[in-house]
Structures are given as C-alpha cells and as structure tokens.
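Quick note, the sequences are listed as chains A and B, same order.
Note that the first sequence covers residues 1 to 488 in UniProt numbering.
Note that the second sequence covers residues 1 to 488 in UniProt numbering.
There are 2 protein chains.
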Amino acid sequence: MNRYEKLADNIAQRIRAGSLKANDRLPSVRELKSQMGISASTVFSAYYQLEAQGLVEARQRSGYFVRAGAEMPTNELAASEPVLRSMPVDVSSLVFQVLAQARERDMVPLGSAFPSPELFPFEQLAAGLTRALKRMDPWQTVEDLSPGNAQLRHQISLRYGSVGMDVPASELVITSGAMEALNLALESVTQPGDVVAIETPTFYGALQALERRGLRAVEVETHPRTGVDLSSLARVIDQHPVKACWFMPTFQNPMGCTMSDAAKEQLVSMLATRAIPLIEDDVYGELAHGARRPPPAKAWDRAGWVLHCSSFSKSLAPGYRIGWVAGGRFAATLGRNKLMSSLATALPSQLALQEYLQHRSFDRHLRALRHSLSRQQAACLRLIDRYFPTGTRVTRPEGGYFLWLALPEGVDSLALHQDALQLGIGVAPGHLFSADRRYTRHLRINYGHLGDPRLEGAIRNLGELANAQLKSTTGKSGPIFEERSSRP
Amino acid sequence: MNRYEKLADNIAQRIRAGSLKANDRLPSVRELKSQMGISASTVFSAYYQLEAQGLVEARQRSGYFVRAGAEMPTNELAASEPVLRSMPVDVSSLVFQVLAQARERDMVPLGSAFPSPELFPFEQLAAGLTRALKRMDPWQTVEDLSPGNAQLRHQISLRYGSVGMDVPASELVITSGAMEALNLALESVTQPGDVVAIETPTFYGALQALERRGLRAVEVETHPRTGVDLSSLARVIDQHPVKACWFMPTFQNPMGCTMSDAAKEQLVSMLATRAIPLIEDDVYGELAHGARRPPPAKAWDRAGWVLHCSSFSKSLAPGYRIGWVAGGRFAATLGRNKLMSSLATALPSQLALQEYLQHRSFDRHLRALRHSLSRQQAACLRLIDRYFPTGTRVTRPEGGYFLWLALPEGVDSLALHQDALQLGIGVAPGHLFSADRRYTRHLRINYGHLGDPRLEGAIRNLGELANAQLKSTTGKSGPIFEERSSRP
Numbered sequence: 001m002n003r004y005e006k007l008a009d010n011i012a013q014r015i016r017a018g019s020l021k022a023n024d025r026l027p028s029v030r031e032l033k034s035q036m037g038i039s040a041s042t043v044f045s046a047y048y049q050l051e052a053q054g055l056v057e058a059r060q061r062s063g064y065f066v067r068a069g070a071e072m073p074t075n076e077l078a079a080s081e082p083v084l085r086s087m088p089v090d091v092s093s094l095v096f097q098v099l100a101q102a103r104e105r106d107m108v109p110l111g112s113a114f115p116s117p118e119l120f121p122f123e124q125l126a127a128g129l130t131r132a133l134k135r136m137d138p139w140q141t142v143e144d145l146s147p148g149n150a151q152l153r154h155q156i157s158l159r160y161g162s163v164g165m166d167v168p169a170s171e172l173v174i175t176s177g178a179m180e181a182l183n184l185a186l187e188s189v190t191q192p193g194d195v196v197a198i199e200t201p202t203f204y205g206a207l208q209a210l211e212r213r214g215l216r217a218v219e220v221e222t223h224p225r226t227g228v229d230l231s232s233l234a235r236v237i238d239q240h241p242v243k244a245c246w247f248m249p250t251f252q253n254p255m256g257c258t259m260s261d262a263a264k265e266q267l268v269s270m271l272a273t274r275a276i277p278l279i280e281d282d283v284y285g286e287l288a289h290g291a292r293r294p295p296p297a298k299a300w301d302r303a304g305w306v307l308h309c310s311s312f313s314k315s316l317a318p319g320y321r322i323g324w325v326a327g328g329r330f331a332a333t334l335g336r337n338k339l340m341s342s343l344a345t346a347l348p349s350q351l352a353l354q355e356y357l358q359h360r361s362f363d364r365h366l367r368a369l370r371h372s373l374s375r376q377q378a379a380c381l382r383l384i385d386r387y388f389p390t391g392t393r394v395t396r397p398e399g400g401y402f403l404w405l406a407l408p409e410g411v412d413s414l415a416l417h418q419d420a421l422q423l424g425i426g427v428a429p430g431h432l433f434s435a436d437r438r439y440t441r442h443l444r445i446n447y448g449h450l451g452d453p454r455l456e457g458a459i460r461n462l463g464e465l466a467n468a469q470l471k472s473t474t475g476k477s478g479p480i481f482e483e484r485s486s487r488p
Numbered sequence: 001m002n003r004y005e006k007l008a009d010n011i012a013q014r015i016r017a018g019s020l021k022a023n024d025r026l027p028s029v030r031e032l033k034s035q036m037g038i039s040a041s042t043v044f045s046a047y048y049q050l051e052a053q054g055l056v057e058a059r060q061r062s063g064y065f066v067r068a069g070a071e072m073p074t075n076e077l078a079a080s081e082p083v084l085r086s087m088p089v090d091v092s093s094l095v096f097q098v099l100a101q102a103r104e105r106d107m108v109p110l111g112s113a114f115p116s117p118e119l120f121p122f123e124q125l126a127a128g129l130t131r132a133l134k135r136m137d138p139w140q141t142v143e144d145l146s147p148g149n150a151q152l153r154h155q156i157s158l159r160y161g162s163v164g165m166d167v168p169a170s171e172l173v174i175t176s177g178a179m180e181a182l183n184l185a186l187e188s189v190t191q192p193g194d195v196v197a198i199e200t201p202t203f204y205g206a207l208q209a210l211e212r213r214g215l216r217a218v219e220v221e222t223h224p225r226t227g228v229d230l231s232s233l234a235r236v237i238d239q240h241p242v243k244a245c246w247f248m249p250t251f252q253n254p255m256g257c258t259m260s261d262a263a264k265e266q267l268v269s270m271l272a273t274r275a276i277p278l279i280e281d282d283v284y285g286e287l288a289h290g291a292r293r294p295p296p297a298k299a300w301d302r303a304g305w306v307l308h309c310s311s312f313s314k315s316l317a318p319g320y321r322i323g324w325v326a327g328g329r330f331a332a333t334l335g336r337n338k339l340m341s342s343l344a345t346a347l348p349s350q351l352a353l354q355e356y357l358q359h360r361s362f363d364r365h366l367r368a369l370r371h372s373l374s375r376q377q378a379a380c381l382r383l384i385d386r387y388f389p390t391g392t393r394v395t396r397p398e399g400g401y402f403l404w405l406a407l408p409e410g411v412d413s414l415a416l417h418q419d420a421l422q423l424g425i426g427v428a429p430g431h432l433f434s435a436d437r438r439y440t441r442h443l444r445i446n447y448g449h450l451g452d453p454r455l456e457g458a459i460r461n462l463g464e465l466a467n468a469q470l471k472s473t474t475g476k477s478g479p480i481f482e483e484r485s486s487r488p
C-alpha cells in the first residue's frame, strides 16, 4: 500500500465508523505535513481518492469536508433475521428465469452477476496466451491434468504469500471457475440430506448448489456491514446437526458485508473446535475499494478445516473459467472429486493466467479496477438517494460491485423486476436470495457497469416504478408473495 | 469416402468376417479393373492401405495375399458374463492409484487413457485461437456462457449433419470435456440409489461416476466385437428397475467393440419403448480405422431418449477440455445442471475449436490420425503374438487405440502391473473395469503412442513377466484376487 493509500484508508475508516461526521473539515495539508511528516502530494493524492470515492468534497477556498451521507448511513439495514428451522431448497427455477433475461446485451445490466466485461485486460491475456501456446509442450496436455499446471498453482500460492497467507501450491486444485470449486468442496464434506449453515440473504448459487445435492439449509443472522453473527452461528450449531458452513466472509453477495479480522479468526477457531468444515467463497476478496485487501478466513486456518474457493472471473479474466480451491485437510478428496467430475481444467486458460501472473502486474490492473468500482458506487448511491422512494435503505459495501436495497413495505421486487423488464432494465429481485423467497421488497443492484450512459435513466425508471407500486398498493392487496419477516 | 477407401473397407470387412481367409490371394489389378471398372491407381491405393493396416501382404511376383492372423483371430475373446445382481460401486481408489502412475513421462504409456499428444495439430489450434482472441468481443464472456458459443454449437451440428444426423445446435450444451457431459447426463436422469445398466467390462470412469452419485450398477453381457447383447439387456431390464443405461456403442473402452447399425437402432427403440434414457459415450466414434465412421446410436433417436456425449479430447484437441452433450428430451435440464455445476465452459477453448472447425480440415487431420492408429494396432498385435504367453486372447478393434487382452489362467494382472512399474512400464489391469474387480487376468493396452522406440521392449518385458508368473503359480497359490468368473 502506498503512503497516500494508507492515509486515505485511515480517513475512510474514521468516516465510516462515525468518528468523522458529515461536514467535518479534514485537516489541511499544512496540518498533516507538520503532524505526520508527510508530503503535500501524498495528502493531495489521498484527498483526491476520497473525493472520487464520494466520501469527501472540496469546498472552494475552505478545504476538504466529509460529504453528507458519507458516514455509514442512518438508513443502514438491520441485521437479517434467520428462519430457525432448516429447510429444503427450491429456488432454481426462479433463478434461471431471472438470469436468462440478464444475458441480453440490450438490457441495462443492473441485475447482472458480472461487472462490465470492458473492465478487464483481455488484450494482455490474449498476448500472453499466444506466447504460452508457442512454447507449449504437447505432453502438458497430460501432465497439467488435475490438480493443474504447477506454475499457475505456484503463482497463486505466491500471491497468498504476499498477504501473509501460507497456502502451498500442493494444497491447490485448479477448477473451472469458482462455481466448480464450491460444488467440489460441498461434495467433499456433505452427503445428501445433511444440514448446511448459510448466510441470509445469501448468494443464489449457494442455494442452487444445496438444492442440487439434496441438502438442507439453515440460516445464520447476517449483518449488512459486519457479516455473519457469531453468537447466532453458535446457537444454530447447537440446535442443528450442521455438517458444513458455506459463507462469504469478504464482500458478501448480495450485501457486500465483510467480517472483521477478529471475527474471521473467531469463526475459524469456533468451527475447528467443533470439527465443522467452512466452505469459504472469496471471489470478491480482491475487489476492495480501499487499499487493503481483507484477508480471507483461510488466513487463520491452522487445522485445515477451511475449504477456500476463489477465481479470476471477477477480478481479472471473465470467461477464462479459472478458479481454485485450497482444500485444507480435504485437499486429496477434492483432487479426486475434480478428476471424477471433469477430469481437468482447460489448458489454454491455465496457461494464459500463468503467463499473465508471471509477467504482468495484476496489482496495477486491480488498482484501476478497484478505483473504478469505488467511484461508480458513489455515483450509484447518489442516484438511488435521488430517485428511490423515501424509506429505501441501502448498503454501502467496501468492496465488490453490488448494492443491496430494502424498499419500503408495499413494494414487491418481483413485480418490480417484471415491470423493469418491459423497459429493458434487468434487476435481481430479493426473492432469489433465500430458500423461502422472503426478501420480497429487496433488490440487488450491480454498479459494475461503468460508463453505461443508460444508468441514470434506468435508476430513475426503477424509482418511479417503485413509487407507483407504493401508491397503488396503499390500502390494496399485498405483494405477490406473502412476506414472512418484517425485517430487515 | 474415396473410391480406394471404399474398396479397402469392403475388403477389410470381408477379411474380418472370414469370407476372405489367411493366404487367400486378392484379385489382381487387371481382374478388378475389368470386373469393377476402377483404375489401377485406385486398386494400388486400397491395397497399400490394407497393407499398412496389417491385413494383407505383398508376396514377390505373386500379388497380394491376406496375412495370417488378419482375419478375426481364432483366439477371439468370448462374450462377457455379467454378474446378475446389481451392486454398489467401489473402484475409485484403485483407479486413482493406477492412473497417477500413468502420468509420468518416463513411463512407457501402455496403460494411459490418452493417445500420444504428438498426434494432434496444436500449432493450427493455437494459430486459430490467436486470431479468434484478436476479434473477441468482451461481451462474449457473458453471451457465450452455457449452453456455449453459438457458432461452435453450429459447427458441431453441421458435422453431425454431414453423417446424416439431425442434431440441432439448440440441443447442444458445451461442456468441460466428455467427462463433465457424462456426469451431467447421469445427474439429469438418475437419483442416488437408482440402478444403471452398464457394459462389462466397462470404462472405469463410468464406474467412478456411478460410485460418486451413489448409484447401483447392473451389468449387461457384452461381446468383444459386437458390443452389448440385446437379449441380455432385455432380461436385465425385466429383472431390475433400470433407470438409465450408460453404454459406448462405438469403439467401446476397453474392448473396442462396436454394435452394428441394426443393433444400435434396435437398442434405441427398445429403450424408447420402455422410457429408459440411454447415456451414449461416443468419444472414440471419430477414430474408425476404416473409412466409415460408424453412426452413433443417437442417429436413430427419434423420441429424444438418447443423451449423446462426446468431445474433441481424443480426436483433435486434448487439454482444451471441450466436450458436449445432445440431451434429447433432457436438454433443458442438462443446460441448467451445467449452469449450476460449473456455470460455463472456458471461452478461449471454445473459440479455438470453433475457429479450427470453420477454417481447417478436421477430416484431413482425422484421416492421418486413423491411418496411424490402424498401422500401429497391427504392429502391436504382432508384438503381443510374438511375446505373450500361449493362450493369450486379444481383441482386434476397428477403431480407437486400445487392445483388451485375456491372459491364461494363473496370471494376475494387478501383480503384473506392479512388476511392470518397476521396469518403467504402465499398463491398465483388468481389475479397473468392473465393479467387483473380476477381470483379474486381463489388461488394457494403449497402442496410440506411435513411434515410441521403447514399445517393442516393453511388450517383450510384459510377456516375460506374464510367463514368469505362469511358471511360478503352477501348482502354487492362486492370483491375488479370487477370480469370480472363468470367462471370458
């Protein structure tokens, strides 16, 4: 982390924690120079970054001030309220129906699961692949079968090493994206009928994976900023025969929440004590908006109970389908399951990533990507604030590219989704994010499509549709699906 | 098919059927010219091909004669004898142990599942990929998600069309190799605990897939030349609640047998009548040694009960991991299962294959590949005949790159495998090819490694090891695993 990034990060944290409040003036360049001995250009760079993130604003001749709404908003969502019984999962049909619509290029992709493909270095990846294929030894088609190309695994291991994590290359299995990694992890630690603990709301892909394997889900209370509530988890484990947890401790989908380092450490040790495997989905981990990449829970895994899954699909190379899993004590089982399920991962993709990681600066690309996403989040929040109904609550994640919105009572987000489709706008209705479809007035909004000129119009349209629903439902019939919880 | 290929094919079939016998003289060029009105060069080309295949030989000043041993050998294996009860499958550990050893480059790869990687046009594939990546639209990373790149599916559909099969692109799902296709097919038509009918002996990957999904296997009598015995299948279906069949009707692994067109047609209609899905593994279909590519069973699928799986991994592009499934009436379910299991197939690999199929001659490559494999089979059969114990029986497949050997009673092929390892030779012991490990004196030999100068020495060593076992077991203890069937 650069000096200016450190400074910006430090100030951002104080704003989010509320110790710097709206309209507070930031220290002047001169003050910081004398207090901390840092150069004027460092201070300017930090303030410029904070401004781009929408956290501070320059007022003419007065200096830099904390923006109104930059602190953790008063309209923050409350922690989710889990359903206490475990339940079978049946959400796939709805998910497929919604996702199929998100594939169309003409649709404003607010419901998409992917950031804009224009954010990625495809030319550099292609150039590297061309070089690598020229050197390729035909025997690699045999030798680079699972667990995968040794140099690629080495590069991934090195990258973990650079944030202080010891993940040896021998623990890694290269997979066809994180989705395969997660499915293999689930297969390695559960049998059909078992109970798996998940966050609520949670990534619909996790729900589908549970459904596909015939597993039961039990939900754990999840805070929109700090993630899994550990005392709720302890209760769930006491009351249910939980065979595994499937969590996203960093920049969770859909809420964007991140557990603190201390909470991650405690989570890992709590589960290790009870011999419960943790399937960690870390696909958004590299997309921190600040300069610090929060360490995955795997960083505290000494006993090997964490099956850590990730990929390059969100951070570097969508479409290449390169993911991996560090399986801890389950690594050997995982490797065998990979061989049985798809034998091996595509060699050209492996070579392209290996070549890129060895010869290009992944960090330089990530810096630009993170900065873009951060700036775009601020813009998207402003539009939501302007156009959405009063009483709409929204997350303000420190990474990733999703916002999670709770609209006022009376809005049905599935109906909203259907109306929006007519206008060529895709959104992900809250119904997708729990086994019992109870997030009926929630939306996940993707802000990862920078520079799409249709963005403002689409958000305005969505806001108008929601307001129209509110007017028409006042005193009329309720939403399409009965709401089972009034919170969040 | 060229004129000379047709002629050669016709003669080869007559030799294999026994109507032309060892030492029979083939018609002279003049005779054929006058009888059939074909040119001398056509006849010479046909005879040259038959000679290369080891079926005929030129004798000085006398003309061409059928080689001794070219007819279907008298030492042909008998049809397999299935176990009549269904049984759970537990063969994975042994398979992994054996396969891990086959990965080492120093090992003579007689046990490998892959032909020599030096047989494939990697430079052309790479050049096509480079061109395709230059043109790639970043949005393809979203649009070419499952079911896969539309042009690639179109090319595959066209190829089926060229052999008279109607497989629309919309029925195809692109997968990470055939292994994923087969697993997705199995998942789409079975639940854990169901009974699946398989050939015996059968591909260990099928056994692993059944084991992984908790399915029970029931075996069907399989002839080493003509494949699945339909009356045995009818009995099995009457006696067991068979939920699906998993067969390789063309160039089966390990025996290389191929069902006749008529038998395939009858198989498809028998299963359709009973509403039983057929999972067809056709990965070796393109590797016919003669000029005719036997049509897959799918060619007769009018009611959509055939889930036809294949890939380019054995025929064109190992390591690229591009397979597909034409799911018939299960196509939509298959597409959803693909999305849930690994989301999508690697885009660079899809583009490379699409580009190759569109701009290069797959058929020209295949002609050279088939010719090489055919020549090498003849050489390998001669070596086995020379060095293996008297009484060894062996298949003579018309495609693929495997021989299946039954050694005399007293040989244990797992012990042979272990002894061979010490000499740097890999083989696939028969134990891998049934759920109850009963092919204890059988070997699968890969002859797809052309030009490996170690081949003759390795076959000689194997023969010596087998002969030594026979000497030492005469009057001594039996093989490591008790043999449960005396046939084949």
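Note that beta-carbon positions come from the ideal geometry of N, C-alpha and C, so glycine has one too.
Quick caveat, the model's predicted, so the values are computed rather than measured.
Coarse secondary structure for residue i, derived from DSSP in three states
i	result
residue 253 of chain A	coil
residue 346 of chain A	coil
residue 461 of chain A	helix
residue 205 of chain B	helix
residue 410 of chain B	coil
residue 222 of chain A	strand
residue 386 of chain B	helix
residue 227 of chain A	strand
residue 306 of chain B	strand
residue 259 of chain B	coil
residue 198 of chain B	strand
residue 271 of chain B	helix
Residues that residue i contacts on chain B, provided the C-beta gap is smaller than 7 Å
i	result
residue 185 of chain A	Within chain B, no residue comes near residue 185 of chain A; the closest Cβ sits about 13 Å away, beyond 7 Å.
residue 208 of chain A	340
residue 491 of chain A	This structure leaves residue 491 of chain A out entirely; chain A is present only between 1 and 488.
Identity of the residue in the options nearest residue i by Cα
i	options	result
residue 328 of chain B	B:278, B:218, B:107 and B:282	B:278
residue 287 of chain B	B:42, B:361, B:115 and B:241	B:115
residue 442 of chain B	B:391, B:303 and B:423	B:391
residue 379 of chain A	A:455, A:172, A:419 and A:440	A:455
residue 371 of chain B	B:48, B:197, B:7 and B:424	B:48
residue 469 of chain A	A:431, A:412 and A:131	A:412
residue 60 of chain A	A:33, A:25 and A:410	A:25
residue 7 of chain A	A:461, A:274 and A:38	A:38
residue 131 of chain A	B:135, B:134 and B:126	B:126
residue 255 of chain A	A:145, A:388, A:393 and A:166	A:393
Chain A residues whose Cβ lies nearer than 9 Å to that of residue i
i	result
residue 179 of chain B	339, 340, 341, 342, 343 and 344
residue 103 of chain B	142, 143 and 145
residue 150 of chain B	Those do not exist, as residue 150 of chain B stays about 12 Å from chain A at its closest Cβ, beyond 9 Å.
Contacts of residue i in chain E (Cβ-Cβ under 8 Å)
i	result
residue 114 of chain A	Of the protein chains in this structure, namely A and B, none is chain E.
Contacts that residue i makes with chain B (C-beta to C-beta distance below 8 Å)
i	result
residue 118 of chain A	138
residue 366 of chain A	Ordered by position in chain B, no residue passes the 8 Å Cβ test against residue 366 of chain A, which lies about 18 Å from the chain.
residue 352 of chain A	348
Interface residues of chain B facing residue i [CB-CB closer than 9 Å]
i	result
residue 349 of chain A	321, 346, 347, 348 and 349
Residues that residue i contacts on chain A, provided the C-beta gap is smaller than 8 Å
i	result
residue 269 of chain B	Per Cβ cutoff of 8 Å: no residues; residue 269 of chain B is ~32 Å from chain A at best.
Handout entry: Runs of alpha helix (DSSP H) lying entirely within the region 109-191 of chain B, each at least 4 residues, in chain order
Key = 122-135, 140-143, 150-162 and 177-189
Exercise for the section: Identify each residue in the region 130-147 of chain A for which the Cβ-Cβ distance to at least one residue of chain B is less than 8 Å, and report them in chain order. Expected result: If the cut-off is 8 Å between Cβ atoms, the region 130-147 of chain A has 130, 133, 134, 136, 138, 139, 140, 141, 142, 143, 144 and 145 near chain B.
Practice task
Return the residues of the region 318-336 of chain A that lie within a Cβ-Cβ distance of less than 7 Å from chain B, sorted by chain order.
Solution key: 318, 319, 320, 321 and 336
Problem - 3-residue-minimum beta strand (DSSP E) runs that sit fully inside the UniProt domain "HTH gntR-type" (1-69) of chain B, ordered along the chain - result: Within the UniProt domain "HTH gntR-type" (1-69) of chain B, the beta strand (DSSP E) runs of at least 3 residues that lie entirely inside it are, in chain order, 56-59 and 63-66.
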